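Peer 1:
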């Protein structure tokens, strides 16, 4: 399939105070899993608040291709699942576009089935390493055909009877943990994942909610052991997806940086494995008020009131990285306007995201006049609170590398910098946050895209 999309540059300019009351689209991680678990469960799963970005829709299409029924009625998505162990062989390759989460988790879900399943994606996804998921699947008996470096296209064929494994996750990755647990759903016996550093735990919470026999133990050192008994029954659920904290990051940082701003962001997921950015920004002096903290569907949710603030540089500890890995690009933008130096450690995972995010952020900062230093797994940013000299007066564009978070982060930067900031593509934002441009301009941001 041809994944060559026409680039749509966009430019952001210094804006007056942002004001408004907004609701962020549904959390991407929970949306992916809602389609997957609903598609695998027996009976009907009803989902409201789903993130309707391209990445999540591609996961829904993949579940349809394997026998689930997926339809939308009004604001509700209704998924009728196949039953655990009853997925059908897809007749064509499963195309995940830009969706790393959808692709890697579905590899775990279907890889152990005794039939062929082929995974393809766009140019960005095809560059991303899949070995971290494929290696444990190989241990379970899955045959793997892939491009060099375990890259897409990948074809999997499961054994007649997959073997349960005990797998110690070698890096802090919720995708790897989840892929192994999902493979365990159709594997006899007990599949065990040992997680030395806790990552987002939506898979464990949601599997339990759907009826999986799963238990989690945490030892004195914080090492988590997750055990799943395979071949159990999953039952359809009602899910209301809370707002995505990774998408929340963009209007939140914009409101902190643009003087005089005050916005209310409603229904934000506050799972402790996802709130590293909020904690860091508060340490930097950000005025973020957490209102009406509550539980919804087993997850922590709250509303956030955010006001324009003077930020100061901090050192972000490496052990915080798993709780904010997708938010470092926009944190680097916030640091560009903070007093003093912000040091971020433990960023090696950014090298294998939609792009080499660490390099992409550093190049974008340099292009727009920010004093920064990039290391193998760290980034240091020396801020300029008045924004003087920041931005790019010549209109040179940040290269996004088909990465939605790079695009959104640098558009936020342009709202505060002296000169405009341009990104080479805004169309890619639709993969995770299709409402971004309208939502930001509705708050008063000066952002405009142009067709070339």
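Residue numbers (UniProt numbering): 1 to 452. Positions of the beta carbon are idealized from the N, C-alpha and C atoms, including for glycine. Note that the structure is a prediction, hence the values are computed from the model and not measured.
Out of 31, 148, 282 and 62, state which residue places its alpha-carbon closest to the alpha-carbon of residue 129.
Peer 2: Closest by alpha carbon: 148.
Peer 1: Would you grab the beta carbon distance between residue 162 and residue 183 for me? Rounded to a whole angstrom, and I think it's under 8 Å.
Peer 2: Residue 162 to residue 183, Cβ: 7 Å. Contact.
Peer 1: For the alpha helix (DSSP H) containing residue 28, name the first residue and the last one.
Peer 2: Element bounds for residue 28: 28-40.
Peer 1: By alpha-carbon positions, which one of 343, 431 and 160 ends up nearest to residue 59?
Peer 2: Ranking the options by Cα distance to residue 59, first place goes to 431.
Peer 1: When the Cβ atoms of the segment 146-160 are set against those of the segment 13-32, are three or more pairs found closer than 8 Å?
Peer 2: Taking 8 Å as the limit for Cβ pairs, the verdict is that the segment 13-32 does not touch the segment 146-160.
Peer 1: May I ask you to list the residues that DSSP assigns as paired with residue 156?
Peer 2: DSSP output for residue 156 lists 117 and 144 as bridge partner(s).
Peer 1: Within 8 Å, do at least three Cβ pairs link the segment 357-367 to the segment 394-402?
Peer 2: With the cut-off at 8 Å, the segment 394-402 and the segment 357-367 touch.
Peer 1: For residue 258, which residues in the same chain have their Cβ closer than 7 Å to its Cβ, ignoring the five residues on either side in sequence?
Peer 2: Hits under 7 Å: 15, 17, 18, 308, 415 and 416.
Peer 1: Sort out for me which residues DSSP pairs residue 447 with in a bridge.
Peer 2: The partner list for residue 447 (beta bridge, DSSP) reads 12.
Peer 1: Going by beta carbon distance, what residues of the same chain come within less than 6 Å of residue 282, once the five residues before and after it are set aside?
Peer 2: Here the set comprises 288.
Peer 1: Look at the alpha carbon of residue 170 and the alpha carbon of residue 199, and state the distance between them as a whole number of angstroms.
Peer 2: Each residue's alpha carbon lies about 12 Å from the other.
Peer 1: With residue 214 as the anchor, note down where its beta strand (DSSP E) starts and where it stops.
Peer 2: Here the beta strand (DSSP E) through residue 214 covers 213-218.
Peer 1: Express the C-alpha separation of residue 315 and residue 41 in angstroms, rounding to a whole number.
Peer 2: Their backbone Cα atoms lie some 44 Å apart in a straight line.
Peer 1: In this structure, how does DSSP classify residue 388 when only helix, strand and coil are distinguished?
Peer 2: Residue state, collapsed to three classes: coil.
Peer 1: Should the segment 326-335 be regarded as contacting the segment 297-308, the criterion being three or more beta carbon pairs within less than 8 Å?
Peer 2: The segment 326-335 is not in contact with the segment 297-308.
Peer 1: Just checking my contact of residue 413 with residue 306 at CB under 8 Å: how many whole Å lie between their CB atoms?
Peer 2: Not quite, the Cβ-Cβ distance comes to about 17 Å (not below 8 Å), so this is no contact.
Peer 1: So if DSSP puts residue 302 in a beta bridge, which residue, or which two residues, is it bridged to?
Peer 2: Looking at the DSSP assignment, residue 302 forms a beta bridge with 268.
Peer 1: Taking the alpha carbon of residue 209 as the point to measure from, which residue in 121, 224 and 240 has its own alpha carbon closest?
Peer 2: Closest option to residue 209, Cα to Cα, is 240.
Peer 1: With H, G and I counted as helix, E and B as strand and the rest as coil, what does DSSP make of residue 198?
Peer 2: In the structure shown, residue 198 sits in coil (DSSP, three-state: anything other than H, G, I, E or B).
Peer 1: What first and last residue would you give for the beta strand (DSSP E) that runs through residue 238?
Peer 2: 238-240 is the span of the beta strand (DSSP E), which, as asked, contains residue 238.
Peer 1: Mapping the DSSP letters down to three states, classify residue 129 as helix, strand or coil.
Peer 2: Three-state result, residue 129: coil.
Peer 1: Quick check on residue 289: does DSSP put it in helix, strand or coil?
Peer 2: Reduced to three states, the DSSP call for residue 289 is strand.
Peer 1: Between which two residues does the alpha helix (DSSP H) holding residue 61 run?
Peer 2: Where residue 61 is concerned, the enclosing alpha helix (DSSP H) stretches over 54-65.
Peer 1: Exposed or buried, which one is residue 454 when buried takes at least 16 other CB atoms within 10 Å?
Peer 2: Since the first residue shown for the chain is 1 and the last is 452, residue 454 is missing from the structure and cannot be characterised.
Peer 1: Expressed to the nearest angstrom, what Euclidean distance is found between the alpha-carbon atoms of residue 1 and residue 290?
Peer 2: Reliability of the predicted coordinates at residue 1 is poor, the pLDDT of 33 falling under 50, and no value is obtained from them.
Peer 1: Would you check if the segment 217-232 and the segment 46-61 touch, i.e. whether three or more CB-CB distances between them fall below 8 Å?
Peer 2: Too few Cβ pairs lie closer than 8 Å, so no.
Peer 1: Which value, in whole angstroms, describes the spacing of the CA atoms of residue 69 and residue 120?
Peer 2: When rounded, the distance between both Cα atoms is 22 Å.
Peer 1: If I measure Cβ to Cβ from residue 320 and keep anything under 8 Å in the same chain, skipping five residues before and after, which residues do I get?
Peer 2: Closer than 8 Å at the Cβ level, and outside the excluded window around residue 320, lie 276, 279, 280 and 346.
Peer 1: Have a look at the DSSP bridge pairing and note the partners of residue 21.
Peer 2: BP columns for residue 21 point to 264.
Peer 1: Rounded to the nearest angstrom, what separates residue 91 and residue 56 at their Cα positions?
Peer 2: Taking the straight line joining both Cα atoms gives about 20 Å.
Peer 1: Quick check on DSSP: helix, strand or coil for residue 189?
Peer 2: Here residue 189 sits in coil by DSSP.
Peer 1: Starting from residue 341, trace the beta strand (DSSP E) in both directions and tell me its first and last residue.
Peer 2: Start and end: 341-345.
Peer 1: Alpha carbon to alpha carbon, what distance is there between residue 97 and residue 3?
Peer 2: With a pLDDT of 41 at residue 3, under the threshold of 50, the predicted position of this residue should be treated as unreliable, though the coordinate-derived value follows. Each residue's alpha carbon lies about 8 Å from the other.
Peer 1: Between residue 348 and the rest of its own chain, which residues show a CB-CB distance below 6 Å, the 5 nearest in sequence each way excluded?
Peer 2: Around residue 348: 377.
Peer 1: Alpha carbon to alpha carbon, how far is residue 242 from residue 26? Give it in angstroms, no decimals.
Peer 2: About 5 Å.
Peer 1: Under the rule that 16 or more other beta-carbon atoms within 10 Å means buried, what is residue 193, buried or exposed?
Peer 2: Buried is the call here.
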